[in-house]
Amino acid sequence: MENEALYKARAEYAKVEQRYVDSLRAKGLKFAERGEGADECARLREQLAARGVKVRNAGASLSAGHLSPACVECTGEYGSETFSTTFKCHRDCYFCFNKNQPDYERFFRAGCPWEEGLARCKSEHETLGCVGLTGGEPLLDVDDSVAFLHRARELFPDAHMRMYTSGDLLTAESAQRLADAGLDEIRFSVKDDDPPHMQQKVLDAMRLAKDFFPSVMVEMPVVPGAEQHMKDLLRAFDEIGIDGINLLEFCFPFCNWPEFEKRGLKLKNPPFEVMYDYGYSGGLAVAGSEELILRLMLWALDEGIGIGLHYCSLENKHRSEVRIKNERVAGGFSEFEFDEGDFFLKIGKVFGTDVEVARQALESAGCDGLRFDEDEQSLAFPLRYAPLLEGLARPDGTPIEPQICYFVYECDDEGAYLVDVALEDLPHRSTT
């Protein structure tokens, strides 16, 4: 007995993803084979977990050793906000995603309205765990950066203050001014394709920074094919004695595709774990970056590298956005479960031939919150009742197939509403 309603629902979600991928392929972008590298990444993740690496945000974040408070608060209780004073930069990185930012051209010319941004943030948050300053390059105008830090400290006196920089403009004078303004953490973005003398300049800046700031970090994307170079850099960072490194999944920023193609890079497929119109402008993950990061983390643990290691995937960026949207309303929908791992709102569903079998079991147990959708031929139920459906079968003896449906709470000019974004098989859920 085939469940046509379920197959139809699955097909609709699959079509959304396929249309997205096809539209990008039509523009010349190249994707890896679907699922390429997934088994190897799963194997490496198991090894890392067995080594005591902390698994965070449903696997989107992996950490060992020091983890910046800003990374904790990215999906934490008190939150983290990042601002720019300028989009100007003396670098021209082919993977920079600033051009995806709203009003990029205007802010590049006139500077970013950071005063307004801080004021808005204060109106929305009485307290804030972390405040970040990025760019462009904040060191192009140290006066503005210092002014930003002073104002941010006035509004959020207990916040952890961090700044992102390429590092090659840092001087003892500017470091002292930033430290006096309350900068807690400086993050260096090391460029994989810099010539040796430029990378040495940034390494020297890290040594300088240790004399001025409580925390010195590196945050850089990991480009497939750069394994030996990354090992050399990790050894150098460890020798300097920085606190840790954020190993970012390398992303394509919806521009400069020829630069990616000439390097033989392809995009991860599927592009997202959960298809959704994410607001993060960082782009699409490049295939092979995650696998290399996981290998590097295992190697670093074996080598005894002492700095903190944090894998921040593209999905981890999305986790923060989904949490902001869903956590604020999680208590307002009693039939939905707020997943503390990936931060989606979730509900159980059965379709078509499974509906009556499930309804009888759920109603007999006094399940509240049942909702039948005539068009979809589905019955929605709170996930806490899912164990009641284990072992149930259709009249022909075929096991029923309960599903989890993922939702995001949207609030825009059209109002506030829930958007269903994914459907997957319901795994076994223990009653204990």
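Under the working numbering, read the sequence shown as residues 321 to 752, first letter to last.
Cβ coordinates follow ideal geometry from the N, Cα and C atoms, glycine included.
Beta-carbon proximity check, residue i vs residue j, cutoff 9 Å
i, j, result
"A685", "D693", "no"
"G487", "K521", "yes"
"S388", "H517", "no"
"S404", "L453", "yes"
"A501", "L528", "no"
"F427", "G603", "no"
"Y600", "H638", "yes"
"V670", "E721", "yes"
"F407", "G456", "yes"
"N420", "E635", "no"
"G385", "G624", "no"
"E581", "I565", "no"
Residue i burial status per 10 Å Cβ neighbour count (16 or more: buried)
i, result
"R371", "exposed"
"Y327", "exposed"
"E401", "buried"
"A472", "buried"
"K588", "buried"
"K374", "exposed"
"Q723", "buried"
"Y729", "buried"
"S443", "exposed"
"Y737", "exposed"
"T752", "Residue confidence is low: T752 scores 31 on pLDDT, short of 50, so the model does not pin down where it sits. No coordinate-derived value is stated."
"E332", "exposed"
"E505", "buried"
"S654", "exposed"
"C725", "buried"
Reduced DSSP category for residue i - H, G, I as helix; E, B as strand; rest coil
i, result
"A346", "coil"
"C416", "coil"
"I613", "helix"
"M550", "helix"
"Y333", "helix"
"Y600", "coil"
"A495", "helix"
"E696", "coil"
"E655", "coil"
"D674", "helix"
"K374", "strand"
"E660", "coil"
"F592", "coil"
"R426", "helix"
"V542", "strand"
"F701", "strand"
Identity of the residues DSSP links to residue i by a beta bridge
i, result
"M562", "Checking the displayed sequence, the identity of residue 562 turns out to be Ile instead of Met. Answer by DSSP bridge pairing: none, since I562 is not bridged."
"H630", "S383 and N566"
"L738", "Y729"
"L453", "F403 and M483"
"Q723", "K669 and D745"
"A713", "P719"
"F572", "L604"
"I506", "M483 and V536"
"F351", "L587"
Residue i CB to nearest heavy atom of the ligand HEM below 8 Å
i, result
"L621", "Because no ligand of any kind appears in the structure shown, any question about the ligand HEM cannot be addressed here."
Minimum Cβ-Cβ distance from residue i to chain C less than 9 Å
i, result
"G502", "Protein chains in the displayed structure number just one, and chain C is not present."
Taking contact to mean at least 3 C-beta pairs separated by less than 8 Å, is the segment 357–366 in contact with the segment 544–554?
no
Could you tell me whether the segment 708–719 touches the segment 671–681, where touching means 3 or more Cβ pairs closer than 8 Å?
yes
Would you call the segment 496–511 and the segment 524–538 in contact, with 3 or more CB pairs under 8 Å?
yes
Any chance the segment 568–576 sits against the segment 603–612, with 3 or more Cβ pairs inside 8 Å?
Yes, since at least three Cβ pairs between the segment 568–576 and the segment 603–612 fall closer than 8 Å, the two stretches touch.
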